[in-house]
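In what follows, a structure is listed as structure tokens, so that the remarks can point back to it.
In the working numbering, the protein residues as written are 190 to 381.
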């Protein structure tokens with residue numbers, strides 16, 4: 190989804206906020222509809238909240254996300270002269286933007302080298318013993334120490350896909366996993 194919006198900070202920000210707890214197949218059509226009606230942050234700022242909510246129907250938590258978008262637009266114009274900020278610290282001042290979404294924005298909108306850590310990246314990095322961490326923020330910090338910088342942007346994409354298809358937390362497909370010999374979970378199961 191974010192690759193489609195590449196280099197457009199406004200669109201990447203909006204997609205990031207809308208993607209939370211929502212699948213791409215639901216989010217992408219809603220994003221398209223929203224960008225047709227509100228192609229700029231200024232348009233979003235002027236949008237009545239009821240219209241915004243109506244536009245976002247079809248994704249989970251659409252009322253809350255409408256409020257996030259509206260408030261984010263207000264903050265953008267009040268604190269950032271209508272521009273999307275390009276640091277984690279500033280991006281996380283926007284409602285609906287945590288560290289993971291901030292890093293995704295930095296990667297896809299500003300081409301910055303960073304690591305976006307979600308539950309898949311955090312869980313799999315620990316299972317493979319790449320890190321021994323308790324939080325996604327710790328995982329991000331530790332991965333940056335051991336992963337070559339040119340690979341940082343790719344980690345989220347690779348491990349999320351891997352986590353959704355093979356290393357699913359509810360039904361892991363260990364028997365077909367190409368890296369099971371490195372996995373703490375698999376080794377524990379083998380000993381039983």
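Where a beta carbon is used, it is the ideal one built from N, C-alpha and C, also for glycine. No experiment lies behind these values; they were computed from the predicted model shown.
Do you know offhand how far residue 270's Cα is from residue 363's? Residue numbering aside, residue 270 sits at position 81 when the chain shown is read from its first letter. Residue numbering aside, residue 363 sits at position 174 when the chain shown is read from its first letter. Computed Cα separation, rounded: 50 Å.
If we require 4 or more residues per run, which alpha helix (DSSP H) segments fall completely within the region 258 to 335? If we require 4 residues or more, the alpha helix (DSSP H) runs fully inside the region 258 to 335 come out as 277 to 280, 288 to 299, 308 to 316 and 325 to 335.
List the whole-angstrom C-beta distance separating residue 307 from residue 289, where the pair is believed to meet the contact cut-off of C-beta under 8 Å. In the chain shown, counting from the first residue as 1, residue 307 sits at position 118. In the chain shown, counting from the first residue as 1, residue 289 sits at position 100. That belief holds up - the Cβ atoms of residue 307 and residue 289 are roughly 5 Å apart, short of 8 Å.
Residue 230 and residue 199 - do their beta-carbons sit closer together than 8 Å? Within the chain shown, numbered from 1, the residue matching residue 199 stands at position 10. Within the chain shown, numbered from 1, the residue matching residue 230 stands at position 41. Yes, Cβ-Cβ distance for residue 199 and residue 230 is below 8 Å.
Once DSSP output is grouped into helix, strand and coil, what is the label at residue 209? Position 20 of the chain shown holds residue 209. Residue state, collapsed to three classes: coil.
In the DSSP assignment, the alpha helix (DSSP H) including residue 246 goes from what residue to what residue? As a first step, residue 246 is located in the chain shown; it is residue number 57 there, counting from the start. Element bounds for residue 246: n/a, residue is neither H nor E.
Report all residues from its chain with a CB closer than 8 Å to the CB of residue 248; omit the five preceding and five following residues, and keep chain order. As a working note, residue 248 is residue 59 in the chain shown. These residues qualify, in order along the chain: 207, 211, 215, 216, 219 and 254.
I'd like the span of the alpha helix (DSSP H) that includes residue 359, first residue to last. Looking up residue 359 in the chain shown gives position 170. Boundaries cannot be given for residue 359, as no alpha helix (DSSP H) includes it and DSSP labels it neither H nor E.
Following the continuous alpha helix (DSSP H) through residue 227, name the residue where it begins and the one where it ends. As a working note, residue 227 is residue 38 in the chain shown. Neither: residue 227 is in no alpha helix (DSSP H) and is coded neither H nor E.
How many angstroms separate the CA atom of residue 296 from the CA atom of residue 343? Along the chain shown, one-based indexing puts residue 296 at 107. Along the chain shown, one-based indexing puts residue 343 at 154. If I take the Cα positions, the gap works out to 9 Å.
If you count every other CB in all the chains shown that lies within 10 Å of the CB of residue 379, and 16 or more means buried, which is it? The residue you call residue 379 lines up with position 190 of the chain shown. Flag for residue 379 reads exposed.
Taking residue 374 as part of the alpha helix (DSSP H), name the residues at either end of that continuous run. Residue 374 sits at position 185 when you count from the first residue of the chain shown. Here the alpha helix (DSSP H) through residue 374 covers 373 to 380.
DSSP state of residue 365, grouped into three classes? Numbered from 1 along the chain shown, position 176 holds the residue referred to as residue 365. Residue 365: helix per DSSP, three-state reduction.
In three-state DSSP terms, what is residue 345? As a working note, residue 345 is residue 156 in the chain shown. Looking at residue 345 - three-state DSSP - the assignment turns out to be helix.
If you compare alpha carbons, which of 221, 345 and 201 is closest to residue 245? The residue given as residue 245 occupies position 56 in the chain shown. For residue 245, the nearest C-alpha among the options comes from 221.
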